[in-house]
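Novice: Protein chains in written order, with this note's numbering: chain A, 1 to 354; chain B, 355 to 716.
I'd like to ask you about the structure that follows.
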């Protein structure tokens, strides 16, 4: 921030969408320039003939008022482009061409234009044209002034010394300012006073946004909103970063899935192998069991056959004889008798023989 | 006048298709007295911590370029490489050599899920879409133009089909001498593949066709970034790695046909370069082949498109290759017509005129 002086320049060009905008927006600074002998040129783009007043030839009247005001401000030359009021946007290219010729001719150091964020479409369009011209005709700075909307500034110019003359310039626009220029003056004076807030120095200031390189619309909005607004490039970057991060995370996730897949695959193989071995073992066991069962059944069959044979034997005459023989043996051959001893000897010999 | 070209890699160091395109563009602009500066990621160190460093560098490249863009009358960027220069403040053009969304869809199942996501969302919907914003969009083929309309809603795309330097790419009438130079048997029936060896280029299809054609000598000219080629040990396969493009007319001229079962090409310059050298090219509905092979006598060279069963494609390829081998008359006719077509419709002078018109410099 400088010492609240106007930015240095040798030649100044003011772009005013309508007669009166230059006086409302930057006449204090104009006065400071002209007071130092600096050439100030004024281009009035439209005559403001569609003003909300029922006055015949209002456009011509406004031109006269502008001429009077310019004289009061010490403006070297005022050029009226006579484009239709409220149609600056529609004639943008044509106006740009005209301005380009004039700018080449005047070769100003600073061009003043309304701030790009302003409720009036003609003000915005004028601002846009100035921005478009900047890269095409390098060599000048752009200073945006405030009219209907307080702006974010980077230059404040202390106009206290010329505030009364500014008042006169505004009051010159009797018809342009709807027959109530005092009300407009009251508002503008208040706006200029309001700027004391920032530096706590009671004075009147005109606020400007001064740029020395071209800016895009996004940069304008970013500036106007104290960087609250992200430019599309920043939004794009954040989206790119999100996508980059997501894909990286997905890559990691897929990597993890692939590792787990490999682990699962190995486990599945081990499981299958174990299952195969287990099934083989079960199969062997089953075979052994079946074999054992078969053998067992064969044994059982044999036992049954033996039982049958035993039954047959027990029911046979010889078995009955033997059974009875043993019942009577001790009676007919008592122990200790010679008959018994003889009997025992005979049996003993028979056993040896068999 | 002064112009800037934004691209991914230094065209003097890398010899890819886009880098060659950039060099042609430079020649064209210089011939009109326009100064040209090249901006590429090799000039950038900062990748903003992106996980994909090339993407980060591309973004930074664009932002750095933003600081000097006013020094230029217009800017040409390639593919999505100028994505960081957003939104453009100076008259800007974007050349679309392909569409990554379409590419991804063409190679579904062939590339990994992650690569697929990267191509579709990062390169495609973010990169290529953003690169079309407020820029004159130029596609290298009608195929790419259709894709840009279908996937990105771009309906204001100009088409400037790529051109071939027909003075460089022409038949060298010394087949025997060339074969001797490259140790290729004089009497062999030579099938040629040119490109990066990966499945997007149909390497898997070639492997199977090679197996089915033992009496064809396959010459594979593999580009940079190729994967492992399992055919190296095969008797009927001869491999050359990264042949300088200046030598390619020799390679084409010693061959009998080109086989290009690529799953996707934005343009497929190989097709035209081979045709300019009088060599028939078997290719699917890819890039420029889609347009050329609609007409006779070239329709016979068209392969089935990939959505069909791959086995059919292989059967058909083998059949067509042997038909060509047995029919010298057809081969001569198609070779002659191919050269004529490139001379009349795709020579570099036509490209230059069309490109100048597209750049509003005519």
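Idealized CB from N, CA, C, for every residue including glycine.
Since we're looking at a predicted model, the values are computed, not measured.
#1: Would the segment 626 to 634 of chain B count as touching the segment 596 to 612 of chain B if we require 3 or more Cβ pairs under 8 Å?
#2: Determine the DSSP secondary structure at residue 714(B), reduced to helix, strand or coil.
#3: Under the three-state reduction of DSSP, which class applies to residue 173(A): helix, strand or coil?
#4: By DSSP's criteria, residue 593(B) is part of a beta bridge. Which residues make up the other side?
#5: Could you tell me whether the Cβ atoms of residue 207(A) and residue 146(A) are closer together than 8 Å?
#6: Would you verify that the beta carbon of residue 472(B) is, or is not, closer than 8 Å to some beta carbon of chain A?
#7: Please report whether the beta-carbon of residue 1(A) lies at a distance below 8 Å from any beta-carbon of chain B.
#8: Pick from 450(B), 528(B), 554(B), 462(B): whose alpha carbon is nearest that of residue 496(B)?
#9: What does residue 240(A) touch in chain B if you count any residue whose Cβ is under 7 Å from its own?
#10: Looking at the C-beta of residue 440(B), does it have a partner C-beta in chain A at a distance below 8 Å?
#11: Name, going along the chain, the residues of the segment 163 to 186 of chain A whose beta-carbon falls closer than 7 Å to a beta-carbon of chain B.
#12: Please check the pair residue 75(A) and residue 126(A), which I expect to be a contact at CB under 8 Å, by giving their CB distance rounded to whole angstroms.
#13: How far does the beta strand (DSSP E) with residue 361(B) in it extend, from its first residue to its last?
#14: Do the segment 105 to 117 of chain A and the segment 14 to 32 of chain A make contact, defined as three or more Cβ pairs closer than 8 Å?
#15: Examine chain B for any beta-carbon lying closer than 8 Å to the beta-carbon of residue 8(A), and answer yes or no.
#16: Please confirm if residue 127(A) has its CB atom under 8 Å from at least one CB of chain B.
#17: Counting only Cβ pairs nearer than 8 Å, list the residues of chain B close to residue 216(A).
#18: In three-state DSSP terms, what is residue 2(A)?
#19: Answer with yes or no whether the minimum CB distance from residue 232(A) to chain B is below 8 Å.
#20: Counting Cβ pairs, one atom from each stretch, are 3 or more of them under 8 Å apart for the segment 141 to 161 of chain A and the segment 23 to 30 of chain A?
#21: Alpha carbon to alpha carbon, how far is residue 217(A) from residue 20(A)? Give it in angstroms, no decimals.
#22: Looking at the secondary structure, which residues open and close the alpha helix (DSSP H) in which residue 12(A) lies?
#23: Is the Cβ of residue 251(A) closer than 8 Å to any Cβ of chain B?
#24: Span of the alpha helix (DSSP H) holding residue 72(A)?
#25: Find the nearest neighbour of residue 248(A) within the set 676(B), 406(B), 432(B), judged by alpha-carbon distance.
#26: State the DSSP-derived secondary structure class of residue 400(B), mapped to helix, strand or coil.
#27: Can you tell me where the beta strand (DSSP E) with residue 717(B) in it begins and where it stops?
#28: How many Å lie between residue 306(A) and residue 296(A) at the Cα?
#29: Which of helix, strand or coil does DSSP assign to residue 209(A)?
#30: Any idea which residues DSSP pairs residue 42(A) with across the strands?
#31: Between residue 237(A) and chain B, is any beta-carbon pair separated by less than 8 Å?
#32: Which partner residues of residue 668(B) appear in the DSSP bridge assignment?
#33: Check distances from the C-beta atoms of the segment 383 to 405 of chain B to those of chain C and list, in chain order, the residues that come in under 9 Å.
#34: List the residues of chain A that residue 476(B) touches, going by C-beta distances under 9 Å, in chain order.
#35: Using the beta-carbon of each residue, which ones in chain A are nearer than 8 Å to residue 467(B)?
#36: For residue 485(B), which option in 472(B), 502(B), 385(B), 644(B) has the closest C-alpha, if you only look at C-alpha atoms?
Specialist: In terms of the structure at hand:
#1: Under the three-pair Cβ rule at 8 Å, the segment 626 to 634 of chain B counts as touching the segment 596 to 612 of chain B.
#2: Residue 714(B): coil per DSSP, three-state reduction.
#3: Residue state for residue 173(A) is assigned as coil, using DSSP reduced to three classes.
#4: Looking at the DSSP assignment, residue 593(B) forms a beta bridge with 574(B).
#5: Result yes, Cβ atoms of residue 207(A) and residue 146(A) sit closer than 8 Å.
#6: Taking a beta-carbon distance threshold of 8 Å, residue 472(B) counts as an interface residue toward chain A.
#7: With a pLDDT of only 46 at residue 1(A), under the threshold of 50, the placement of this residue in the model should not be trusted; the figure read from the coordinates follows. The beta-carbon of residue 1(A) is placed no less than 8 Å from the nearest beta-carbon of chain B.
#8: In this structure, 450(B) is the residue among 450(B), 528(B), 554(B), 462(B) with its C-alpha nearest to the C-alpha of residue 496(B).
#9: Simply 409, 413, 480.
#10: Answer yes: the Cβ-Cβ gap between residue 440(B) and chain A drops below 8 Å somewhere.
#11: Of all residues in the segment 163 to 186 of chain A, none is placed with a Cβ closer than 7 Å to any Cβ belonging to chain B.
#12: That belief does not hold up - the Cβ atoms of residue 75(A) and residue 126(A) are roughly 17 Å apart, past 8 Å.
#13: Under the DSSP assignment, residue 361(B) falls outside any beta strand (DSSP E); it carries neither an H nor an E label.
#14: With the cut-off at 8 Å, the segment 105 to 117 of chain A and the segment 14 to 32 of chain A touch.
#15: Not one chain B Cβ lies under 8 Å of residue 8(A).
#16: It does not: the Cβ of residue 127(A) has no partner Cβ on chain B nearer than 8 Å.
#17: Within chain B, the residues 441, 443 have their CB atoms less than 8 Å from the CB of residue 216(A), given in chain order.
#18: In this prediction, residue 2(A) has a pLDDT of 47, which is less than 50 and means its spatial position is unreliable; nothing more can be read from the coordinates.
#19: Chain B, which has a Cβ nearer than 8 Å to the Cβ of residue 232(A), makes this yes.
#20: Yes, the segment 141 to 161 of chain A is in contact with the segment 23 to 30 of chain A.
#21: So the two alpha carbons sit approximately 26 Å from each other.
#22: In this chain, residue 12(A) is not harboured by any alpha helix (DSSP H); it is covered by the beta strand (DSSP E) spanning 11 to 16.
#23: Under the Cβ distance rule, residue 251(A) counts among the residues neighbouring chain B, one pair being separated by less than 8 Å.
#24: It spans 58 to 73 - the alpha helix (DSSP H) in which residue 72(A) sits, taken as one unbroken run.
#25: Ranking the options by Cα distance to residue 248(A), first place goes to 406(B).
#26: Residue 400(B) falls in the coil class under three-state DSSP.
#27: Outside the shown range of chain B, which is 355 to 716, sits residue 717(B), and nothing can be said about it.
#28: Distance from the CA atom of residue 306(A) to the CA atom of residue 296(A), rounded to whole angstroms, is 15 Å.
#29: In the structure shown, residue 209(A) sits in a strand (DSSP, three-state: E or B).
#30: Its beta-bridge partners are 14(A), 78(A).
#31: With 8 Å as the cut-off, residue 237(A) counts as an interface residue toward chain B.
#32: Answer by DSSP bridge pairing: none, since residue 668(B) is not bridged.
#33: Of the chains in the structure shown, none is chain C; the protein chains are A and B.
#34: Result: 240, 243, 244, 247.
#35: Within chain A, the residues placing a beta-carbon under 8 Å from that of residue 467(B) are 250, 254, ordered along the chain.
#36: Closest by alpha carbon: 502(B).
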